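One structure is given here, and the rest of the page talks about it.
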Amino acid sequence: MRAVISGIFLFSCSSAAVACTGVFVDWGDAPAPYDQTASHDSDTDNPPIRLGTLFDCEPGPQPHSVALGDDVDMPPADPTDVDDEDGVVFLSGAFIPGVQADVEVTMTLVGVTGYLSAWCDFNDDGVWTDSDLPTGERIADALPYASSGTQTLQFTAPAGMAQFEDIFCRFRAHNNMGGLAPTGGPENSGEVEDHLIQSLPIDLMEFSVD
Ligand SMILES: [Ca+2]
Ligand SMILES: [Ca+2]
Ligand SMILES: [Ca+2]
Ligand SMILES: [Ca+2]
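Here it is in structure tokens:
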């Protein structure tokens, strides 16, 4: 895996109002049996390390069948919330075994260095920690961001990965340069975003090209 700096830009520090008061914790939203403990704590609703530009906090994990729990907790269900799952773009679309994938991840930083750790459940078994695949399931290991901006993760989807499946990926922005697991928290500062991407067999791609 290698990272390519594809752009650097600055954001304003504003963040939308949040429903939480006093405790500002962001939680993941992948469905069970995925981990429900990943969380990031801040003493403000305007934390200095964010994925994308937006952050909102929740009272607990928001498991959702397609990992949209932190996207859809918006008005009218929650009049003050926003769709803060805005840090990740799967540039190359569906994952294809043995084919390079490009995933763009944006981070907003205010006066600190941020680090990105990320995983994809390539074998679709409900955990992000399998090491039996040729490249494992970690696609970013405390990748540093010196300032606000976007980097593109480039990796090869494992040849033995699940096909015609929903592949859940977890992205965590954090201040721990020593790395982070996909589980556990609350981490001091940062944000977690869970996202879903499809997997397709390479044969299907060849068929569509022909
Ligand atoms: Ca975000
Ligand atoms: Ca959130
Ligand atoms: Ca797995
Ligand atoms: Ca999500």
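Take 17 as the starting number for the sequence shown in our numbering and just add one per residue.
Even glycine gets a Cβ: it sits at the ideal position worked out from N, Cα and C.
Only a predicted model underlies this, so the values are computations on that prediction, with no experimental measurement involved.
In the structure shown, residue 218 falls within a helical segment according to DSSP collapsed to helix, strand and coil. Collapsing the DSSP output to three states places residue 74 in coil. Of the candidates 153, 172, 160 and 139, 160 places its Cα closest to the Cα of residue 65. The alpha-carbon separation between residue 114 and residue 102 amounts to approximately 27 Å. Taking residue 76 as reference, the option from 110, 53, 185 and 158 with the minimal CA-CA separation is 53. The criterion of a C-beta distance shorter than 7 Å is not satisfied by residue 106 and residue 215. Not a single heavy atom of ligand 2 lies less than 6 Å from the C-beta of residue 45. Taking 8 Å as the upper bound for CB-CB distance, residue 187 and residue 209 are in contact here, some 5 Å apart.
In the DSSP assignment, residue 171 is bridged to 117. Per DSSP, residue 112 has no beta bridge partner at all. Contact check for residue 134 against residue 117 fails: the beta carbons are separated by 7 Å or more. Every candidate alpha helix (DSSP H) stretch fails here, since none sits fully inside the stretch 40-65 while reaching 4 residues. Minimum Cα-Cα distance from residue 59 among the listed residues 192, 196, 99 and 73 corresponds to 73.
CA-to-CA, the gap between residue 48 and residue 142 works out to about 8 Å.
Residue 120 and residue 108 have their C-alpha atoms roughly 10 Å apart.
CA-to-CA, the gap between residue 130 and residue 166 works out to about 12 Å.
Environment of ligand 2, chain-ordered: 42, 72, 86 and 100, taking every residue with Cβ within less than 5 Å of a heavy atom.
Between ligand 3 and the CB of residue 191, the shortest heavy atom gap is not smaller than 6 Å. In the DSSP assignment, the residues bridged to residue 204 are 57.
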